[in-house]
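Peer 1:
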Amino acid sequence: MNIKKNFKTLLISTIIFPTLSFTNNHKIEITQIIGLRLSDSNDRYIMEECKRWKLTEEEIDNIFKMSNEYEYNPYHSFMQSPCDIKGKAKLHHEIWDFSITGGGIITLTHQNKEIYLGCDILVCEPFFILPTFNAMEP
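Under full-length UniProt numbering, the sequence shown is numbered contiguously, ending at residue 138.
1. What would DSSP say about C124, mapped onto helix, strand or coil?
2. Excluding the 5 residues preceding and the 5 following Q32 in the sequence, name in chain order all residues of the same chain whose CB lies nearer than 6 Å to its CB.
3. Which same chain residues end up closer than 6 Å to F98 when comparing Cβ atoms and leaving out the 5 residues on each side of it in sequence?
4. Starting from K51, follow the alpha helix (DSSP H) in both directions and report where the run begins and ends.
5. Quick one: what's got a C-beta closer than 7 Å to E94's C-beta in the same chain, skipping five residues either side?
6. Can the beta-carbon of W53 be found closer than 8 Å to that of I129?
7. If you reduce the DSSP assignment to three classes, tell me which class N68 lands in.
8. Bridge partners for G35 per DSSP, in chain order?
9. Return helix, strand or coil for I28, following the three-state DSSP convention.
10. Assuming S77 and D43 are in contact, meaning their beta carbons sit under 8 Å apart, how far apart are those beta carbons, in whole angstroms?
11. Does DSSP classify D40 as helix, strand or coil?
12. Measuring only the C-alpha atoms, how far is L36 from C124?
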């Protein structure tokens, strides 16, 4: 599984990633990865997947760049997971908190401001524990 994930990450970074265009125009610089936060869940399988889930700084940077911005929280457009990766990032010369869910939603918060991103394209799949590409379409 790790070989598959590493290969997909390499493929995205070297071939596919430069050719994509993104609607998220924010320049986000990661300053700290705090780590994984788990919520309660009765689903043992998903909890085990959450415990194994890790993202590198490079992967998080790619997620930020590939994500689309949403005017409101895109909760209903993505599958929900009981785990988030937390961190801090520099945006607009300010330090923001970020949270990335295992289902592909990214929330950036600073004081009373929030920015919602979602990584819902096929090349995002290797970064998350739940499907993100057309995940909630019938």
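Every residue, glycine too, gets a C-beta built ideally from N, C-alpha and C.
Because the structure is a prediction, the values reported are computed rather than measured.
Peer 2: For this structure:
1. helix
2. G87, K88
3. G87, A89, L108
4. 44-52
5. H110
6. yes
7. strand
8. K86
9. coil
10. 21 Å between Cβ atoms; not a contact.
11. coil
12. 19 Å
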